[in-house]
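The listed protein sequences correspond, in order, to chains A and B. For reference, each letter of the first sequence is one residue, going 16 to 130 in the numbering used here. For reference, each letter of the second sequence is one residue, going 70 to 184 in the numbering used here. Working notes, structure below.
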Amino acid sequence: EPEVTQTPSHQVTQMGQEVILHCVPISNHLYFYWYRQILGQKVEFLVSFYNNEISEKSEIFDDQFSVERPDGSNFTLKIRSTKLEDSAMYFCASSESNLPTETQYFGPGTRLLVL
Amino acid sequence: AQSVTQLGSHVSVSEGALVLLRCNYSSSVPPYLFWYVQYPNQGLQLLLKYTSAATLVKGINGFEAEFKKSETSFHLTKPSAHMSDAAEYFCAVSTNSGGYQKVTFGIGTKLQVIP
């Protein structure tokens with residue numbers, strides 16, 4: 016069964032450093048998402064992406080964040096200058112359509128620790 | 070605006086006992102509701118979803134949930150817990166937001182199954 020993959024599974028970085036989180040969505044999906052979950056808190060929406068553009072972003076997704084689909088398969092989340100509060104589990108998801116009934120398929124997550 | 074409340078961040082049941090995980094939602098537009106499960110070191114996996122076709126929804130692994138509009142609830146149940154059900158369960162509400170799917174998650178409930 017097709018699945019969303021994410022790399023790395025864990026990332027440790029120093030405050031102020033740039034990190035890039037990688038995702039490979041399911042191949043025939045057109046809509047892509049990033050979510051994050053700070054330890055002990057709820058899963059929060061960051062950004063959605065369609066047709067090489069951001070379609071929606073949350074207030075969390077400020078100028079230090081960016082997303083890119085550099086080729087036909089990868090979908091990346093870049094954090095330009097990491098802060099301690101960026102430590103979280105980051106989930107990538109993809110879906111076939113943008114209907115509210117559509118299932119989003121999630122990757123296993125990247126656990127980011129900022130020191 | 071939409072939100073999800075999951076009562077009980079941790080629930081413990083004995084093997085063979087009834088599982089009841091509570092979810093209440095708030096939405097200003099017709100909602101669609103999802104339950105996802107996360108096993109350790111894995112991504113969120115769809116258990117079941119309500120898409121207005123039927124208020125009682127059956128999912129994988131013997132789980133079901135009933136949409137009750139009057140109570141704004143979508144509680145997840147399973148008649149008899151199995152050790153393999155130990156995981157974290159997330160309730161989510163999905164709506165159409167400006168032509169795009171907006172998914173809001175609850176904080177999650179960790180289910181412990183005691184032998």
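All residues carry an ideal CB built from backbone N, CA and C; glycine is no exception.
Could you give the first and the last residue of the continuous beta strand (DSSP E) run that contains LEU115 of chain B? Walking along the second sequence from the start, residue 115 of chain B turns up at place 46. 113-119 is the span of the beta strand (DSSP E), which, as asked, contains LEU115 of chain B.
Using CA coordinates, which residue listed in A:ILE69, A:ASN113, A:SER88 and A:MET104 is at the minimum distance from HIS25 of chain A? Indexing the first sequence from 1 puts residue 25 of chain A at position 10. Ranking the options by Cα distance to HIS25 of chain A, first place goes to A:MET104.
Test: THR91 of chain A CB closer than 8 angstroms to a CB of chain B: Translated into positions along the first sequence, residue 91 of chain A becomes position 76. Closer than 8 angstroms: no.
Nearest chain A C-beta to VAL80 of chain B closer than 8 angstroms, yes or no? As a working mapping, residue 80 of chain B is identified with position 11 in the second sequence. Not an interface residue.
Just to make sure I have the definition right: I need the residues of chain A whose C-beta is within less than 8 angstroms of the C-beta of GLN71 of chain B. Which are they? As a position in the second sequence, residue 71 of chain B is number 2, starting the count at 1. Within 8 angstroms Cβ-Cβ: nothing; GLN71 of chain B doesn't reach chain A, min ~10 angstroms.
Spatially closest choice to LEU125 of chain B from B:PHE136, B:PHE132 and B:HIS151, by CA coordinates: Numbered from its first residue, the second sequence carries residue 125 of chain B at position 56. Comparing Cα positions, the closest option is B:PHE136.
On the three-state DSSP scale, how would you describe MET30 of chain A? Position 15 of the first sequence, counted from the first residue, corresponds to residue 30 of chain A. If DSSP states are grouped into helix, strand and coil, MET30 of chain A belongs with coil.
Chain B beta carbons: is any one of them nearer than 8 angstroms to that of SER63 of chain A? Counting from 1 along the first sequence, the entry for residue 63 of chain A is found at position 48. Chain B contact via Cβ: present.
Determine which residues of the stretch 92-126 of chain A have a Cβ less than 9 angstroms from any Cβ of chain B, and write them out in chain order. Result list: PHE106, CYS107, ALA108, SER110, SER112, ASN113, LEU114, PRO115, THR116, GLU117, THR118, GLN119, TYR120, PHE121, GLY122, PRO123 and GLY124.
Assuming SER81 of chain B contacts GLN181 of chain B under a Cβ cut-off of 8 angstroms, what Cβ separation, rounded to an integer in Å, is found between them? For the purposes of this step, residue 81 of chain B is taken as residue 12 along the second sequence, with counting starting at 1. For the purposes of this step, residue 181 of chain B is taken as residue 112 along the second sequence, with counting starting at 1. The beta-carbon distance between SER81 of chain B and GLN181 of chain B, rounded to whole angstroms, is 4 angstroms. This is short enough to meet the 8 angstroms contact definition.
Closer than 7 angstroms, Cβ to Cβ, to anything on chain A: give me those residues from the stretch 120-139 of chain B, in chain order. Hits within the stretch, in order: THR120.
Report yes if the C-beta distance between VAL185 of chain B and CYS92 of chain B is below 8 angstroms; otherwise report no. Limits of chain B in this structure are 70 at one end and 184 at the other, which puts residue 185 of chain B out of reach.
What does the alpha-carbon distance come out to for the pair GLY177 of chain B and LEU99 of chain A? As a first step, residue 177 of chain B must be located in the second sequence, where it is residue number 108. As a first step, residue 99 of chain A must be located in the first sequence, where it is residue number 84. Between GLY177 of chain B and LEU99 of chain A, the C-alpha separation is close to 23 angstroms.
Assuming contact is defined by CB atoms lying nearer than 8 angstroms, are PHE143 of chain B and PHE159 of chain B in contact in what I supplied? As a first step, residue 143 of chain B must be located in the second sequence, where it is residue number 74. As a first step, residue 159 of chain B must be located in the second sequence, where it is residue number 90. Their beta carbons are not under 8 angstroms apart, which means PHE143 of chain B does not touch PHE159 of chain B by this criterion.
Given that a residue counts as buried once 16 or more other Cβ atoms are within 10 Å of its Cβ, and exposed if not, what is GLY55 of chain A? In the first sequence, the residue the question calls residue 55 of chain A occupies position 40. Exposed is the label assigned to GLY55 of chain A, since fewer than 16 other Cβ atoms lie within 10 Å of its Cβ.
Note the first and the last residue of the continuous beta strand (DSSP E) segment covering GLN107 of chain B. To locate residue 107 of chain B, count along the second sequence from 1; it is residue 38. DSSP places GLN107 of chain B inside the beta strand (DSSP E), whose first and last residues are 101-107.
So what does ILE69 of chain A bridge to, in DSSP terms? Residue mapping note: residue 69 of chain A aligns to position 54 of the first sequence, counting from 1. According to DSSP, which records beta bridges pairwise, ILE69 of chain A is partnered with A:PHE64.
Assuming GLN52 of chain A and PHE106 of chain A form a contact by the criterion Cβ under 8 angstroms, report the distance between their Cβ atoms to the nearest whole angstrom. By 1-based counting over the first sequence, the position of residue 52 of chain A is 37. By 1-based counting over the first sequence, the position of residue 106 of chain A is 91. Contact holds; Cβ gap of about 7 angstroms.
Just to confirm the assignment, what range does the beta strand (DSSP E) spanning LYS127 of chain B have? Here residue 127 of chain B refers to the residue found at position 58 when the second sequence is read from its first residue. For LYS127 of chain B, the enclosing beta strand (DSSP E) stretches over residues 125-127.
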